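Peer 1: Count along the sequence shown starting at 1, add 15, and that's the number in my numbering.
From the three backbone atoms N, C-alpha and C, an ideal C-beta is built for every residue, glycine too.
Since the structure is predicted, the reported quantities are computational estimates derived from the model, not experimental observations.
Let me begin by handing over the structure; questions about it come next.
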Amino acid sequence: MNFLKKLSFILILLLGVSSPLKAADEGQLRFGLDIGFAPVDLEAEKTAQEIANAAGSTVTVEYDFGSFVGRLFAEYGLSKNLDLEVGFFATSDATATYTLSGASASESYNADGVDISLNFTDDDGFFGKVGMHTSTVNGAASIKIGGTTYSVTASREGSGPLFGGGWQDDEIRYSITHYVDVGDTTDYTMFSVGWLF
C-alpha cells in the first residue's frame, strides 16, 4: 500500500466514523503529531561474521541501533474516557555498512503504515490503547566491488495488532506503542512524545 492509498484510507476512516458518532455522542476531533524512536536489531554482527566466513577476510561493520519515527494522527472522543484514533507513521532508515578488502556492502530498512486504535484514559491522564495496523517494510541493499555498485530494493506488506500506553498532560503525551508484524517482517516498539492541537 503506497503513501496515497494509506492517506486515502485514513481520510475514509475519519469521514466514515465522524458523522454517525457526532450524531450519537457529541465529541471533539483533534489532530496530533508524535515524534519518537524505535529500537531495531539489524543482526549486523551476525551478518558481518557470515560475510567474513564466506569471503575469508576480516569484515568491519557500522550500524544503526534504531529508527526515528514520525506519526500524524487524528483522535475523536467517543466518551469522556474513550477515544478513537487513526494515524499514519513513517520511520527513518536503519542502516548497516560492511567493509572488507576491495569491497563494501550496505543494507537499510524503513517502515511506514496506518493504524487505528481505541484509547482508554483515566482521570489522571494515564491511558492504554489497542488496535490494528497495516504497514510496509522497505529494504535496500548494495554492494560495491572496485568501482562498480550493484543495488537491489524490495518491500513487504503486512498487518497486525498494536497495543501500548502512556500518560497525557494537557496537550502533551508520552507513549509506548508496540506494533506486531510490521510489514509481516518484524515488531516495532515506538517510544514517542506527542502534541495535540
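Any contact of the stretch 121-140 with the stretch 176-192, i.e. 3+ C-beta pairs under 8 Å?
Peer 2: With a cut-off of 8 Å, the stretch 176-192 and the stretch 121-140 count as touching, because enough Cβ pairs lie within range.
Peer 1: Put residue 68 into one of helix, strand or coil per three-state DSSP.
Peer 2: Three-state result, residue 68: helix.
Peer 1: Could you tell me if residue 124 is buried or exposed, where buried requires 16 or more neighbouring beta carbons within 10 angstroms of its beta carbon?
Peer 2: Looking at its Cβ environment, which holds 16 or more other Cβ atoms inside 10 Å, residue 124 is buried.
Peer 1: Can you say whether residue 127 is buried or exposed, counting buried as having 16 or more other CB atoms within 10 angstroms of its CB?
Peer 2: Flag for residue 127 reads buried.
Peer 1: For residue 141 and residue 100, I'd like the C-alpha separation in whole angstroms.
Peer 2: Straight-line Cα distance between these residues: approximately 16 Å.
Peer 1: Quick one: measure Cβ to Cβ for residue 193 and residue 178, integer angstroms, because I've assumed they're closer than 8 Å.
Peer 2: Yes, residue 193 and residue 178 are in contact; Cβ-Cβ is about 6 Å, under 8 Å.
Peer 1: Going along the chain, which residues of its own chain have a beta-carbon closer than 7 Å to the beta-carbon of residue 92, five neighbours each way excluded?
Peer 2: Only 42, 43, 98 meet the Cβ criterion.
Peer 1: Put residue 144 into one of helix, strand or coil per three-state DSSP.
Peer 2: Here residue 144 sits in strand by DSSP.
Peer 1: Report the residue from 151, 59, 132 whose alpha carbon sits nearest the alpha carbon of residue 114.
Peer 2: When only C-alpha atoms are compared, the closest one is 59.
Peer 1: Going by the CB atoms, is the gap between residue 52 and residue 84 shorter than 8 Å?
Peer 2: Closer than 8 Å, so yes.
Peer 1: From residue 149 to residue 203, what does the alpha carbon distance come to, in whole angstroms?
Peer 2: In a straight line, the C-alpha of residue 149 is about 13 Å away from that of residue 203.
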